[in-house]
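Residue numbers (the numbering used here): 32 to 244. Here is the structure we will look at, set down as structure tokens.
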């Protein structure tokens with residue numbers, strides 16, 4: 032059986048871009064949440080939407096990390112870190128964009144597509160970090176979205192790795208038992224292991240054996 036790779040490096044390189052894309056998507060969702068109906072944002076204090084986005088991030092990160100059929104257990108904490116870090120980065124980015132948009136539009140007008148940029152992010156990043164640290168220290172809700180994304184990604188990538196390891200173990204056992212389970216070739220009693228080579232047909236110039244009387 033050929034050597035099976037652990038899939039650690041492909042999982043690392045495929046999971047990181049997925050986490051970055053999820054962080055950018057979460058930041059954009061936070062930035063444009065003002066355009067949603069008030070009833071949607073006020074439902075449950077906005078916690079159901081936050082948890083749904085965290086689960087979506089966990090699924091995307093787990094699918095990207097486990098796309099290469101990994102069997103390395105080292106990907107479990109890595110996928111957990113990717114998903115939780117994507118939620119943190121997305122929340123900080125979204126708050127920074129909101130603060131930067133408010134600084135660029137002090138009249139209170141909602142942020143538009145033109146307000147999305149590095150200048151807006153850099154303008155609101157210092158205040159966003161201080162605003163983000165306060166809920167982490169005072170409220171459990173801020174930690175809940177991070178924990179949901181991290182634990183969901185951990186569960187999904189664990190199932191994926193265990194399934195791949197189980198499949199490879201079954202393939203290895205099948206390859207090991209293949210020579211033993213092969214049926215022996217049927218041979219009649221006193222039959223030689225190798226069939227004798229047939230004699231060539233005699234031609235006209237071959238002397239014939241005299242016939243017995």
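We put the beta carbon where it would ideally sit given N, CA and C, even for glycine.
Spatial neighbours of residue i in its chain, beta-carbon cut-off 7 Å, leaving aside the 5 residues before and after
i	result
residue 81	176
residue 181	111, 114 and 115
residue 49	91, 92 and 95
residue 84	57 and 60
residue 45	95, 96, 98 and 99
residue 78	172
residue 195	100, 101 and 102
Cα-Cα separation, residue i to residue j
i	j	result
residue 117	residue 208	46 Å
residue 173	residue 76	12 Å
residue 100	residue 130	42 Å
residue 125	residue 179	19 Å
residue 3	residue 52	In the structure as shown, the chain begins at 32 and stops at 244. Residue 3 is therefore absent and cannot be evaluated.
residue 37	residue 200	13 Å
residue 202	residue 105	22 Å
residue 283	residue 64	Because the chain spans 32 through 244 in this model, residue 283 falls outside it and cannot be assessed.
residue 206	residue 47	35 Å
Beta-carbon separation (whole angstroms), residue i vs residue j, contact threshold 8 Å
i	j	result
residue 188	residue 95	About 10 Å separates the two Cβ atoms, so there is no contact after all.
residue 107	residue 43	About 13 Å; that fails the 8 Å criterion.
residue 39	residue 103	4 Å
residue 54	residue 120	4 Å
Cβ neighbours of residue i in the same chain (closer than 6 Å, five flanking residues each side left out)
i	result
residue 183	86 and 89
Within-8 Å CB hit, residue i to chain D
i	result
residue 103	The question asks about chain D, but that chain is absent: this structure has only one protein chain.
Neighbourhood of residue i by C-beta distance below 8 Å, restricted to the same chain and skipping five residues each side
i	result
residue 192	97, 101, 102, 103, 104, 106 and 107
Practice problem: Output the residue ranges of the alpha helix (DSSP H) runs that lie fully inside the segment 54 to 115 and measure 4 residues or longer, sorted by chain position. | Solution: For the segment 54 to 115, whole alpha helix (DSSP H) runs of length 4 or above, ordered along the chain, are 69 to 73 and 78 to 96.
Self-check item: Ranges of the beta strand (DSSP E) found wholly within the segment 169 to 206, counting only runs of at least 3
Solution: The beta strand (DSSP E) runs lying completely inside the segment 169 to 206 and spanning 3 residues or more number zero.
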